[in-house]
Amino acid sequence: MKITSSVKGTRDYYPAEMGLRNWLYGKIRSVSRKFGYQEFDGPFLENLELYAAKSGEELVKKQAFVFPDKSGDPITLRPELTPSLARMVAQRIHQLSFPVRWWSFGPFWRYETPQKGRTREFFQWNIDLLGMENPQADAELAAVACEFFRDVALTAREVKLQVNNRRLMDSALEAIGIRGEAVGGTFRLIDKKEKMKQPEWEAHARETGLTVDQVKGLMKILNDLELWKQSRELVEFFDAVQAFGVSEYVEYNPAVIRGLDYYTGTVFEGRDADGEFRALLGGGRYDNLVADVGGGKIPGVGFAMGDVVIGLILKKNGKEPMLRIAPADVLVTTFSAQEATASMEISQSLRAAGIAAEWYPAPDRLPKQLKYADALGIRLAVILGPDEIRQGKATLKDLIRREQATIERADLLKEISKRLVGSPCE
RNA sequence: GUGGCUGUAGCUCAAUUGGCAGAGCGCUGGACUGUGGAUCCAGCUGUUGCGGGUUCAAUCCCCGUCAGCCACCCCA
């Protein structure tokens, strides 16, 4: 019988991967709560209409998984969370206490060609602050991202948060005569700047309809690392970032634009310092989105971080956690069929005391059982043979320290608890 | 969606101009019948991604297809 293959662009979560995913979730949860954010989630299925005018055109028309339901209505597997968030806020706008601070971690789907750092099914951390439009709120989200970097031990040398502002770019472009419909094309041009060689990029810029002077002007904008000082929003933003104590991670980058149409002000991206991977997180200010889904005018700012790229960056920098495969701290071995019952009873008495204990369910050779404990990273083994049973004792073996002692059974619990303090794994 | 590279044991990879499909790691057993990681010995593991074609003969050449990766596009 042939094994049915998995769906393209999906991943299987074996216990090791599941452990990593849960570890990541734990870090995300901890940072989010530290800043006072509440966990929520939206449905995984949404009506296509929700995304129609608000997300990028590409995201909806080409990248969304859309299926007709039995009545023929187009149902979408959510490609992002922000429109759902905007709807949920719009629906309860009179009951919520603002500022609303919400976060979420869940699956999303995009129909794209899978590559490194990009899958069709992925998990994403979303965190948003709604109801405030001051730059200090933007800075808080930047601080959340940087605090997360710190919590997973990524340094400011390894990752950066690069910031820009749409309004600043709009006015800078307007100053060189680019306005209206030409702005979108120019934004895409800016996105390409880092990927293309200089003459190539200039030629491409001319093809999109820019004059020689405009290309020069655009170059000047992109090379001016002091440009942010002309933006009151960004000046206040950077002051607040300093107050939050995360300046080391945050820098101005005029080439950061973001593709999504709903961003209106500050935008930012998390990147690894070498620029080896695609953006590990992206977000910004969206002041019209709630109104666009039929709610009142509620400004918002937030970001999303996918699990795939952060996983690659953690791995590259040696910051993946040491995770144990087995949840049990103790393996109670089974010496022979005669001692099996006593072993089971001991394992249960450990559980009753709150210790995760695994009972080896067959009288296999002792070396095999100990190898099993070793392979799963179970630190302690209890050995209960005829000698121990006769004397009312038990042997406790510490697989890490390579030592063992035969002790009174009454002392077993105490000894185990003592040895489990300060375990090296998470 | 377009173009390119790759696909061999559970994992990492070999295999001469087309000529019997191999190694390391891992796994199983033993050396060691009540003690794991080291060492040594032995053993197991294959529809060479899948389907077709050319050939006396295909892992190798050709076509198709699927998957991974790279670029474009876009983005977490």
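Numbering (the working numbering), first residue to last: 429 to 854. For glycine and all other residues, C-beta sits at the position ideal for the given N, C-alpha and C. Source: prediction; values computed, not measured.
Any idea what DSSP makes of residue i, helix, strand or coil?
i    : result
V435 : coil
P852 : Residue confidence for P852 is low, a pLDDT of 49 falling below 50, so the modelled location carries little weight; the figure read from the coordinates is stated next. In this structure, P852 counts as coil in the three-state DSSP scheme.
A754 : coil
M772 : helix
S845 : helix
R515 : helix
Y809 : It is worth fixing the name first, because residue 809 is Ala in this sequence and not Tyr. Three-state DSSP puts A809 in a strand.
V580 : coil
A707 : coil
L505 : strand
N450 : helix
G712 : strand
Look at the alpha carbon of residue i and the alpha carbon of residue j, and state the distance between them as a whole number of angstroms.
i    : j    : result
M624 : G612 : 19 Å
K747 : I456 : 15 Å
A790 : S764 : 8 Å
F577 : T583 : 7 Å
A732 : G698 : 10 Å
P542 : V736 : 11 Å
P852 : Q552 : Reliability of the predicted coordinates at P852 is poor, the pLDDT of 49 falling under 50, and the value obtained from them is presented with this limitation in mind. Each residue's alpha carbon lies about 29 Å from the other.
T762 : L476 : 58 Å
S512 : R538 : 16 Å
L646 : D652 : 10 Å
K842 : E816 : 18 Å
F495 : P535 : 17 Å
R779 : K490 : 52 Å
Y441 : G545 : 16 Å
D501 : E508 : 20 Å
G608 : S599 : 11 Å
Would you say residue i and residue j are within 7 Å of each other, going by their C-beta atoms?
i    : j    : result
V721 : A514 : yes
T694 : R713 : yes
R439 : F472 : no
I806 : A768 : no
D702 : I741 : no
E474 : T504 : yes
S499 : N593 : no
D556 : G730 : yes
L708 : I738 : yes
K588 : E679 : yes
Only counting the same chain, and skipping five residues up and downstream in sequence, which positions put a Cβ closer than 6 Å to that of residue i?
i    : result
V674 : A571 and C574
G437 : P542, T547 and R548
K745 : According to the sequence shown, residue 745 is Asn rather than Lys. These residues qualify, in order along the chain: E586.
Q466 : W530
Pop quiz: residue i and residue j are said to be a contact at Cβ under 8 Å. What is the actual Cβ separation, rounded to whole angstroms?
i    : j    : result
P563 : E664 : 4 Å
T614 : L596 : So it is not a contact: roughly 14 Å between Cβ atoms.
T443 : I753 : Note that residue 443 is Pro in the sequence shown here, rather than Thr. Between I753 and P443 the Cβ distance is about 6 Å, and since that is below 8 Å, they are a contact.
A822 : V810 : 6 Å
F533 : Y453 : 5 Å
A833 : L840 : Contact doesn't hold; Cβ gap of about 10 Å is too wide.
V459 : D641 : Not really, about 46 Å apart at Cβ, beyond 8 Å.
A668 : A803 : Going by Cβ atoms, the distance from A668 to A803 rounds to 50 Å, so no, they are not a contact pair.
L569 : G711 : 7 Å
Return the chain-ordered list of same chain residues with a C-beta closer than 7 Å to the C-beta of residue i, the five sequence neighbours on each side being excluded.
i    : result
V517 : L524, V528, L558, V718, G723 and I726
E561 : D715 and P727
A683 : I618, K621, E622 and L650
H634 : In the sequence under discussion, the amino acid at residue 634 is Arg, which differs from the His named in the question. The answer, listed in chain order, is V643.
I828 : R807
Near residue i, what residues of its chain come up, given a Cβ to Cβ distance below 8 Å and the 5 sequence neighbours on each side ignored?
i    : result
S771 : V760, T761, T762, F763, W787, Y788, V810 and L812
L848 : D757, I783, R807 and L808
Could you tell me if the beta carbon of residue i falls within a distance shorter than 6 Å of some heavy atom in the ligand GTP?
i    : result
T614 : Inclusion of the ligand GTP in the displayed structure is not the case, the ligand content being empty and no account of it being possible.
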